[in-house]
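If you read the protein sequences in the order shown, they are chains C, R and G.
The opening residue of the first sequence carries number 46 in this note's numbering; numbering runs sequentially from there.
The opening residue of the second sequence carries number -13 in this note's numbering; numbering runs sequentially from there.
The opening residue of the third sequence carries number 7 in this note's numbering; numbering runs sequentially from there.
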Amino acid sequence: MFGFSRPQLIAFLAMLALIIVCPFVVYPVFLMRVLCMALFACAFNLMIGYVGLLSFGHAAFFGMGGYVTAWTMKVWHLDASIAILLGGVTGGVLGLCLGYLAIRRSGIYFAMITLALAQMVYFFCLEAPFTGGEDGIQQVPRGHLFGFIDLSNDMTMYALVACVFLGGFLLIHRIIHSPFGQVLKGIRENEPRTTSLGYRTDDYKLIAFMLSTSLTGIAGGTKALVFGIATLTDVNSSTSGEIVLTTLLGGLGTVFGPVMGSVVMVSMENYLAQFGAWVTVTQGVIFMFCVLAFRRGIIGEIGNFLKLKL
Amino acid sequence: MIMIFGIPGPLLFGQLLLGLINGAFYAMLSLGLAVIFGMLNIINFAHGALFMMGAFAAWMLLNYFDIGYFPALILAPLLVGAFGIFLEKTIISRLYKLDHLYGLLLTFGLSLVIEGLFRNGYGSSGMPYRIPSLLQGATDLGFMFMPNYRGWVVLAAFVVCTATWLIIEKTSLGATLRAATENAPLVQAFGVNVPRLITLTYGGGIALAAFAGVLAAPIYSVNPNMGSNFINTVFAVVVIGGMGSILGSIVTGFGLGVVEGLTKVFYPQASATVVFVVMVIVLLTRPRGLFGKAA
Amino acid sequence: MNLSRRAITLGGIATAAGTIAPFRAGRAQAKPKLKIGCLTDMSGPYKDLAGPGAAAAVHQALAEFGVAGKGFDVEVVVADHLNKPDVGTTVAREWFDRDGVDIIVEVANSGVALAVANVAKEKNKVYLNTGAATSDLTAAACNANTIHWVYDTYMLAQSTGGAMVKAGGDSWFFITADYAFGKALQRDTTEFVTGANGKVVGSVAYPFPGTTDFSSYLIQAQASGAKVLGMANAGTDTINTIKQAKEFGIKMQLAGLLLFLTDVHSLGLDVAQGIVLTDSFYWDMNDRARAFSDRFSAKVKGVRPTMVQAGVYSSTLHYLKAATAMGIEQAKKDGAATIARLKAMPTDDDCFGAGSIRADGRKIHPSYLWEVKKPSESKGPWDYYKPVATTPADKAFRPLDKGGCPLVKA
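What follows is the structure, encoded as structure tokens:
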């Protein structure tokens, strides 16, 4: 199913079971945050893990998706499903525009150009009147799903977030294992050879980038809906850095790595919040430790230990 | 009064000069980054944190040991440079065989740790550092009031940048260095201790950052965030100038300072963003940067 | 081999899930317990003016109120909002939903403050803000669960702006942090300046955060010919503006629209002397304030309290009095009722003296205009301010009917 290998299927079922059981034992809003970040990380991983392009500006799509969802919910009172989809469309369209400029370069230059473009998006968000500047868009109603499911209850909202996450997760998995995904991996391994096989690699990269940014926009929109707020934090370059750390910690290019990474990152942020500046110190130490001794990430190392591809 | 683009002439000249002063800091920081990138192939994200450590070193020397500004201008870079060498030996040297990406991530983590520790120890509103009495006061240039200390910063930065450029381009040590950048195994075969050369380069780049930090201490208050405020712009400078290009980063540093200064007159809100606009334009038209060599 | 390893891994996940489970169950208590959450900036630009000192102020209030022997327990939790509204709401939600927190105090940073006010209303809890500046908290964004304790942009603008125009500073130039707080401060001050027949000749908005060099804006200010330089910013930005104004020989009168004691401490009197600023509390302003400050400083390595920290002490103390009066169980159950009780009781403490709380949630007390002393006038550490003028309590804040707060019935 969806191109899962047997161990991956087992891991997927375990994850599914945890998604179903956890809200009854753990605070659901916390879990929703984890799932939104996990979808964001999975979408980011599509670029870095499977196309081999490190984007340092993914926060732009995450934040803009959030703003559009929040704004359409608050001002137009749209249905939640449409608002989230619009968040995704925003991510996709913005991805098309910025990606068109960025994918002409690769490696460190791709990272730098995405960073620069994201800084411009940040500036736009800071200045544009509809984003509310520093205060952000606050008091966003969760509204209704399909017109009749009230989302103000945390458990109902959780069910929606879980569905969005699983949909995104399976879609990414499907993309990776499609012929299209094979071409992407070909580009990652050897771009000139892929070109010589007759593939228009730039088109492939652009489409992959758009898919990634669309899903990022959806993740951002969902997060804005959960917390009822869309702010500059989500467009800021530090969010871009954080998602790189999340994915690296979980395991670049693994299917479950980004999910594991966000579980660890979000829990850490949560439980360390009371220790003030020690949060940044701890994050920094983990960052360094990962790079020095743990480059495969948590899931990558487990997979390596079990000799499985997770 | 002469008007240029609807702005009084003296005001415009003042802004150009101020841009040049900021550019001096960009130039010194991006110079260190460029040297390190050229030699170690590492994008040193911790550069801002080490710049901040330079300012703190000067502050500590003054407050704990009663050592003044001018000795600190020599001592602080030496101390922080030594710390850089320690970092290179213990941590960074493990990454040379890997993708650029990992070096960037490691040093990013490093900067989080350093800044967090200083924030815990010294708070975040910053500590004052007095301008040395020799450089206090200001000179009336006719179109603006020029603080002597700022003039000194431009002068010092210009001398240090030129000296670094001369060392790398005109001395035999520099020649060895450049050769090792091109082909390390070959240079090693000639009997040069390349790992030591790399360590010293890193230490040198860090010392440059610390030197800039000491220069900055009297201008901005000495605070743990002073580096991260600069670092994004400095990265843009390095990329625009061409990664690893010494001359490129010096010229671009001063140049972007001026561009930023002009933006502050016409559209101040965008002054933090304008460097990124320049960066995108440059990368799209000249992918290797203004002074970068072709791939 | 593979299979057994996999089994171990799955087992590990199951155990991990098992250990989380008892989280919710064991929460039965014999004695009623109030839980106070101090949400503040523990690592960013407002760390020194609020931060750990604010947490210390909560404990100070508890110690002086004497919780022991009153038949209930109090627990204090502290968290860092990192100056991000989304982090602030997340923490507030968790505290209310999961950790049983009854009241949130402090919250410096206007954006975060407004966001937390919404959560407090949604969950019907108590929210006593001391650190935020925005006067919107008691205007359009006011609600029945929020009290704004220490100061707001209206108070600052009226005191500093009004007084300076009267003293002859009738033309202004603003250097403004380009975000909601800076713009609000500029807007409110402009109103008072023009109201007093002064004029604003220009302004410049700079990118926030991340600006460290203000020289360019200072030169523009100088070129405008205005007499007063209004600094509509806070924290390190204001510090840098002042330092650089001194360095470039700017001859204008500097008006610190929001300047805290810790900022002056960081600047040093040498640079800061002569600046005019507004605070509603200064540690040396009277005997009671001095007594409180001495008790407080003994706990925090000799640092003197800022008005925000004093406000945390004052608000926590008042809350404890009200909660005891109405019964702990009742206070825990209904936040809006507790706030109503707080508003009904007159306030009195060492920091702000006697005062009251208005229907829109505005705590009322006088505001004071101060001038920073010359180094020669200062008699010792932290002796920084001399009084210039006082705005009486009934005039210090925006009139009740002008804010547009829905709680105020016409």
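For every residue, glycine included, the Cβ atom is placed at its ideal position computed from N, Cα and C.
It is roughly 32 Å from the alpha-carbon of Leu91/R to the alpha-carbon of Pro224/C.
Using a 10 angstroms sphere on the CB of Gln315/G, the tally of other CB atoms reaches 16 or more, which defines it as buried. Using a CB distance cut-off of 8 Å, Tyr223/G does not count as an interface residue toward chain C. With respect to the 8 Å criterion, Gly95/R and Gly102/C are not classified as neighbours on the basis of their beta carbons.
Taking every protein chain shown into account, the CB of Gly177/R has fewer than 16 other CB atoms within 10 angstroms, so this residue is exposed.
Contacts with chain R at 8 Å (Cβ-Cβ) include Gln226/G. DSSP links Gln259/G through a beta bridge to Val234/G. For a cut-off of 8 Å, the C-beta gap from Tyr112/C to Ile182/C is around 7 Å, short enough to register as a contact. Spatial neighbours of Ala256/R in its own chain (CB-CB distance under 7 Å, excluding positions within 5 residues in sequence) are listed in chain order as Thr249. DSSP places Ile117/R outside any beta strand (DSSP E), giving it a letter other than H or E.
Our two residues, Thr150/R and Thr162/R, have alpha carbons roughly 15 Å apart in a direct line. Against Glu101/R, the close residues of chain C are Ala322, Thr325, Val326, Gly329, in the order they occur along the chain (beta-carbon pairs closer than 9 Å).
The residue from Thr136/G, Lys90/G, Ile334/G with its alpha-carbon nearest to that of Trp155/G is Thr136/G. The beta carbon of Gly188/G is closer than 6 Å to those of Thr182, Ala238, Asn239 in its chain, skipping five residues each way along the sequence. Taking the Cα positions, Ala350/G is about 38 Å away from Leu317/C. The Cβ neighbour count for Cys208/C, taken over all protein chains shown within 10 Å, is under 16; the residue is labelled exposed. Neighbours of Tyr212/G across chain C, judged by C-beta separation under 9 Å, do not exist; the nearest C-beta is about 12 Å away. Residue pairing from DSSP places Ala360/G in a beta bridge opposite Asp354/G. Closer than 8 Å to the CB of Pro381/G there is not a single CB belonging to chain R. With respect to the C-alpha of Gln259/G, the residue from Tyr325/G, Gly236/G, Leu275/G having the closest C-alpha is Gly236/G. Within the region 94 to 140 of chain C, the alpha helix (DSSP H) runs of at least 4 residues that lie entirely inside it are, in chain order, 104 to 116.
Chain order gives no chain C residues near His33/R, where near means a beta carbon separation below 7 Å; the closest approach is about 15 Å. A distance below 7 Å between beta-carbons, with the five flanking residues on each side excluded, links Pro381/G to the following residues of its chain, in chain order: Leu275, Asp276, Gln279. The closest CA to that of Ser286/G, considering only Phe358/G, Ser299/G, Gly216/G, is found on Phe358/G. Assigned with DSSP and collapsed to three states, Lys369/G falls in strand. For Leu283/G, the enclosing beta strand (DSSP E) begins and ends at 282 to 285. Among the residues of chain G, none has a CB under 9 Å from the CB of Gln164/C; the nearest is roughly 11 Å distant. Going by DSSP, His154/G is part of no alpha helix (DSSP H) but of the beta strand (DSSP E) stretching over 152 to 154. Contact with chain C is absent for Asn239/G, since none of that chain's Cβ atoms lies less than 8 Å from the residue's Cβ. In the DSSP annotation of this structure, Val132/G is not part of any alpha helix (DSSP H); the continuous beta strand (DSSP E) holding it starts and ends at 132 to 135. With contact defined as three or more Cβ pairs closer than 8 Å, the region 261 to 281 of chain R and the region 222 to 230 of chain R are in contact. Shortest Cα-Cα distance from Asp356/G to any of Arg347/G, Thr344/G, Asn292/G, Ile256/G involves Asn292/G. Residues Gly204, Lys233, Val234, Gln259, Ala261 of the same chain have their beta carbon placed closer than 8 Å to that of Gly175/G, with the five preceding and five following residues left out of the count.
Our two residues, Thr284/G and Leu98/R, have alpha carbons roughly 36 Å apart in a direct line. The beta carbon of Arg99/G falls within 8 Å of a beta carbon belonging to chain C, placing the residue at that interface. Under the DSSP assignment, Trp289/G falls outside any beta strand (DSSP E); it carries neither an H nor an E label.
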